[in-house]
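Residue numbers (the numbering used here): 4 to 63.
Where is the CB? At the ideal position from N, CA and C, for every residue including glycine.
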Amino acid sequence: MGQETIIVRRRDDVLTPDTAKRVAELLRSVRYGSITIVVQEGKIAQIDRTEKFRMNGNGR
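Below, the structure written as structure tokens:
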């Protein structure tokens, strides 16, 4: 299982174009798993990505 945490610097904008682009990249990159967006005081403070890898009969 792979996990990645991204800390987003606080800005006045709720969702900056850079943050929106990063979230879109994460959505495209995760095949099975979850993306959690942590909000503090109405701002995105952190994005966590957890990806699950399932094993099947052929060792994959």
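Contact between L29 and I50 is confirmed by a C-beta separation of about 7 angstroms, below the 8 angstroms threshold. Counting the other Cβ atoms within 10 Å of the Cβ of T39 gives fewer than 16, which makes it exposed. The continuous alpha helix (DSSP H) containing K24 extends over residues P20 to S32. Between S32 and K55, the alpha-carbon positions lie close to 12 angstroms from each other.
For G36 against R52, the beta-carbon gap comes to about 7 angstroms, under 8 angstroms, which counts as contact.
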